[in-house]
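Trainee: Under my numbering, think of the first position of the sequence shown as 48, with each following residue one higher. Cβ atoms here follow ideal geometry from the backbone N, Cα and C, with glycine treated the same way. Attaching a single structure in structure tokens format; questions to follow.
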Amino acid sequence: MPRKKNGEVDHHKALTGDDLNEFVNGKLFPYLAKFKTAAESSDTVEYKIGAIFSEIKNRLQRGYNLREVLNLVEELRFQTSVEKHEMSHLYESKIKNMGNAGRNGGEYYTPRPLIRSIVKVVAPQVGETVYDAAVGSAGFLVEAGYNIEALKTLRDLVADPKSDLFDVLEYISFEVSPITRAERVRAAKPEIYENLSPEQREFVEFVLSRYIETGVEVLDREILPELLKLKYEAIEDAMAILGSGDVIAKTFIEFQKYLYESLAA
């Protein structure tokens, strides 16, 4: 989807109607299908992408219908464990249908009942590594690992609810005592603020206050436009103070690494 500098979708530049169908059928699908012949071997991701797009066709004949579908997909967010399960199920069901239709797409996923059986036999324990080499729908990781809700429950048992899930994972793997988000911010502030302008520092201070109050979810890139509106009321006003959309995004992303580097050093 084409986007403006502030990260919002640019609906004026988004193709639709015959233009969209011509792009998908005449350019996009043929381009992806060529991956099969250009791939070094059949074990590569490129080969699998090419194999799939050599077999499938765009069934939406009207470009306006396709645009409506793309707009709906653009609104999907797979942040919670429930949403990730839905994405995994959607992926597997569609690939399964391709296989049932006599096509070769079905070879690219492992049926969920088989995954559950394998996980039950292997019985991975907390602290062990689960390796899913293909990681198509991430089914093995989803079935074998902790989901977000389970980690939050564990956090409440071993740590303060004001700690991050990151701390819970460190506790499980390395027996590192959890700390609160406020303590993490205090330890990281010198490095975070070192190269920031006064305006950037004020914005980052605002984000960190929200992080301490609500948790790590506020550091998600998808939340950035909402944070800018909360702080400056309008994204245009934020850009006038902080710089272009790219500069704001870079500031927002780069300071976060210091939250988890300062105490690990």
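Which value, in whole angstroms, describes the spacing of the CA atoms of Arg50 and Gln172?
Mentor: Taking the sequence shown and counting its residues from 1, one reaches residue 50 at position 3. Taking the sequence shown and counting its residues from 1, one reaches residue 172 at position 125. Distance between the alpha carbons of Arg50 and Gln172: 43 Å.
Trainee: How is Thr91 classed by DSSP in three states: helix, strand or coil?
Mentor: Counting from 1 along the sequence shown, the entry for residue 91 is found at position 44. The answer is coil: DSSP assigns Thr91 none of H, G, I, E or B.
Trainee: What residue range is occupied by the uninterrupted alpha helix (DSSP H) comprising Lys236?
Mentor: Working through the sequence shown from its first residue, we reach residue 236 at position 189. Run containing Lys236: Arg228 to Tyr240, per the alpha helix (DSSP H) assignment.
Trainee: Enumerate in chain order the residues of its own chain whose CB-to-CB distance from Lys278 is below 8 Å, with the five nearest sequence positions on each side excluded.
Mentor: Your numbering for residue 278 matches position 231 in the sequence shown. For Lys278, same chain residues with a beta-carbon under 8 Å away, outside a window of 5 residues either side, are Phe250, Phe253 and Ala285 in chain order.
Trainee: Can Leu107 and Val120 be called in contact, C-beta distance under 8 Å?
Mentor: Here residue 107 refers to the residue found at position 60 when the sequence shown is read from its first residue. Here residue 120 refers to the residue found at position 73 when the sequence shown is read from its first residue. No, they are not a contact pair.
Trainee: Within 10 Å of its beta-carbon, does Arg231 have 16 or more other beta-carbons around it, so buried, or fewer, so exposed?
Mentor: For the purposes of this step, residue 231 is taken as the residue at position 184 of the sequence shown. Looking at its Cβ environment, which holds 16 or more other Cβ atoms inside 10 Å, Arg231 is buried.
Trainee: Can at least three beta-carbon pairs, one atom from the segment 229-243 and one from the segment 260-274, be found at a separation below 8 Å?
Mentor: no
Trainee: Bridge partners of Val56, per DSSP?
Mentor: Position 9 of the sequence shown, counting from 1, holds the residue named residue 56. Beta-bridge pairing links Val56 to Arg50.
Trainee: Only counting the same chain, and skipping five residues up and downstream in sequence, which positions put a Cβ closer than 6 Å to that of Val166?
Mentor: Taking the first residue of the sequence shown as 1, we reach residue 166 at position 119. Leaving aside the five residues that flank Val166 on each side, the residues in its chain whose CB is nearer than 6 Å to its CB run, in chain order, Glu190 and Ala191.
Trainee: Under the assumption that Leu79 contacts Ile96 (Cβ atoms under 8 Å), give the Cβ distance between them as a whole number of angstroms.
Mentor: For this step, residue 79 is matched to residue 32 along the sequence shown. For this step, residue 96 is matched to residue 49 along the sequence shown. Between Ile96 and Leu79 the Cβ distance is about 6 Å, and since that is below 8 Å, they are a contact.
Trainee: Please state whether DSSP places Asn105 in a helix, a strand or coil.
Mentor: The residue given as residue 105 occupies position 58 in the sequence shown. Here Asn105 sits in coil by DSSP.
Trainee: Along the chain, where does the alpha helix (DSSP H) containing Arg163 start, and where does it finish?
Mentor: Position 116 of the sequence shown, counting from 1, holds the residue named residue 163. Run containing Arg163: Arg159 to Val169, per the alpha helix (DSSP H) assignment.
Trainee: How long is the line joining the alpha carbons of Tyr258 and Leu188, rounded to whole angstroms?
Mentor: Looking up residue 258 in the sequence shown gives position 211. Looking up residue 188 in the sequence shown gives position 141. Those two C-alpha atoms are separated by around 28 Å.
Trainee: Taking the CB atoms as reference points, tell me whether Gly292 and Gly54 lie closer together than 8 Å.
Mentor: As a first step, residue 292 must be located in the sequence shown, where it is residue number 245. As a first step, residue 54 must be located in the sequence shown, where it is residue number 7. A contact, by the Cβ cut-off of 8 Å.
Trainee: Using only CA atoms, which one of Glu102, Phe70 and Asn68 lies nearest to Phe82?
Mentor: Indexing the sequence shown from 1 puts residue 82 at position 35. The option with the nearest alpha carbon to Phe82 is Glu102.
Trainee: Given Gly149, which residues of its chain have a CB within under 8 Å of its CB, disregarding the five upstream and five downstream residues?
Mentor: Counted from its first residue, the sequence shown places residue 149 at position 102. Confidence in Gly149 is poor, its pLDDT being 46 and thus under 50, which makes the residue's placement unreliable; the coordinate value appears in the next sentence. The answer is none, since no qualifying residue turns up.
Trainee: Is Asp284 helix, strand or coil by DSSP?
Mentor: Stepping through the sequence shown from its first residue, residue 284 is reached at position 237. Three-state DSSP puts Asp284 in a helix.
Trainee: Could you give the DSSP three-state label for Ala98: helix, strand or coil?
Mentor: Along the sequence shown, one-based indexing puts residue 98 at 51. Ala98 falls in the helix class under three-state DSSP.
Trainee: Considering just the uninterrupted stretch of the alpha helix (DSSP H) at Ser256, what are its terminal residues?
Mentor: Within the sequence shown, numbered from 1, the residue matching residue 256 stands at position 209. Pro245 to Thr261 is the extent of the alpha helix (DSSP H) around Ser256.
Trainee: Mark Ala235 as exposed unless 16 or more other C-beta atoms lie within 10 angstroms of its C-beta, in which case mark it buried.
Mentor: Sequence index remark: in the sequence shown, residue 235 carries index 188 (1-based). Under this definition Ala235 is a buried residue.
Trainee: Rounded to whole angstroms, what's the CA-CA distance from Glu46 to Ala296? Just pull it up for me.
Mentor: No answer is possible for residue 46: it lies beyond the span of the chain, which begins at 48 and ends at 312.
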